[in-house]
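Once you know that position 249 of the sequence shown is 248 in numbering that gives the first Met the number 0, the rest is easy, because the numbers rise by one and skip nothing. Beta carbons are placed, not taken as given, at the ideal position from N, Cα and C, and that holds for glycine.
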Amino acid sequence: MTVFEDDDEAADLWLRDVGIPAQRFARIGASDNFWAMGDTGPWVPAVKSSMIMGRRSPVGHLGRLMQTVTAMLRSGIWCLCSTTVIPAVKIPLYPNPSVDTGMGLERLAAILQGVHSNYETDLFQSLIQASAQIVGTDDTNHNSLKVIADHIRSTAFLITDGVTPSNEGRGYVLRRIIRRAIRHGHQLGATEPFMHKLVAALVGQMGDAYPELVADQSRVEETLKLEGERFADTLEHGIRILDQEIGDLSGSVLAGDVVFSPLRHLRFSRRPHGGLLP
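Pasting the structure below:
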């Protein structure tokens, strides 16, 4: 358990009232235990509950350990923010102080299942295994499979809630999520639309909790299939244009009007280290 270094009230509550052992408690500075919303506030001290993964008990003094342990070993479970300070107007306390609290349900599931991340829980592992089988890879630890598993959930639920792929608003967000998942599938060797093939695995995993998925399974599959085919056509057309422009290129720089005008509607974006990516 950690609190902001100057938050004596929170420290007293957790140590004296709750009874957190001192060896499992630490005060940490603003870099990790102070939450701020821009320059105008609010600025609020935070209490964080974490677990050291991979060990049954902490080693050494937890205060020192929790300031140096890497993110791979420490997994945050619960964060509580005390609404106490509005710096821009110099008000020391809100009229009605409160505690904003949030606990990640899937992070809690990871702790209870004894794994290091959400993606290692049974909820994700079945989707990751299904994704690996459908795109044809044996590397079940590849990060792209995590992206695909995450995105089949979000896209299926969006479609079930009535969102359809489009070029504006929430439909555009849905389209971008679908296409991002497809791009990660391409990185693993997928050459055909595949997202719709994952819906059955998702329904099997979460259909009992969300019966709407079961009722709308066919519509979700059809929407994802059509969007995958549409993106494949867009990709093929865009690559033809790009290949032609690169073939006509006399130097090593592609003109801005080529990138931002004829390719803009094809939704190409820059790769992190150069080049273009749909």
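By a C-beta neighbour count over all protein chains shown, 10 Å radius and 16 as the cutoff for buried, is residue i buried or exposed?
i, result
"D16", "exposed"
"I245", "exposed"
"R218", "exposed"
"M0", "buried"
"N32", "buried"
"R239", "exposed"
"T222", "buried"
"T139", "exposed"
"S251", "exposed"
"L241", "buried"
"L287", "Lying before the first or after the last residue shown, residue 287 is absent from the chain, which here runs from 0 to 277."
"A131", "buried"
"D160", "exposed"
"G255", "exposed"
"S143", "buried"
"D6", "buried"
"V46", "buried"
"A282", "Beyond the ends of the chain as shown, which are 0 and 277, falls residue 282; an answer cannot be given."
"E226", "buried"
Suppose the cutoff is 7 Å on Cβ atoms and the five residues either side in sequence are ignored; what does the same chain contact list for residue i look like?
i, result
"A129", "L197, A200"
"K224", "P192, H195"
"A169", "Checking the sequence shown, residue 169 turns out to be Arg, not Ala. Counting only Cβ-Cβ distances below 7 Å, and skipping sequence neighbours, we find V162."
"F156", "none"
"Y171", "S165"
"A231", "P192"
"G206", "L212, V213"
"G101", "C78"
"L14", "A21, F24"
Only counting the same chain, and skipping five residues up and downstream in sequence, which positions put a Cβ closer than 8 Å to that of residue i?
i, result
"E153", "According to the sequence provided, residue 153 is Ser. The question's Glu does not apply to it. Cβ within range, chain order: I176."
"D137", "A131"
Under 7 Å, do residue i and residue j count as touching if we go by C-beta distance?
i, j, result
"S116", "Q204", "no"
"A189", "I147", "no"
"V202", "Q186", "no"
"G28", "E4", "yes"
"S49", "G75", "yes"
"G184", "V134", "yes"
Take residue i and list the residues in its own chain whose beta-carbon comes closer than 6 Å to its own, dropping the five residues that flank it on each side.
i, result
"Y118", "K145"
"I158", "V219, T222"
"E105", "N117"
"H150", "I176, A180"
"Q243", "none"
Taking 6 Å as the cut-off, is the C-beta of residue i nearer than that to any heavy atom in the ligand ATP?
i, result
"V172", "This structure simply doesn't include the ligand ATP, nor any ligand for that matter."
At least 3 beta-carbon pairs within less than 8 Å: the segment 184 to 204 vs the segment 106 to 114: Segment contact: the segment 184 to 204 against the segment 106 to 114, fewer than three CB-CB distances shorter than 8 Å; contact not assigned.
Runs of beta strand (DSSP E) lying entirely within the segment 144 to 200, each at least 3 residues, in chain order: Scanning the segment 144 to 200 from its first residue to its last, no whole beta strand (DSSP E) run of 3-plus residues comes out.
Ranges of the alpha helix (DSSP H) found wholly within the segment 3 to 46, counting only runs of at least 4: Positions of the alpha helix (DSSP H) runs, each at least 4 residues long and wholly inside the segment 3 to 46, are given as 7 to 11, 29 to 32 in order along the chain.
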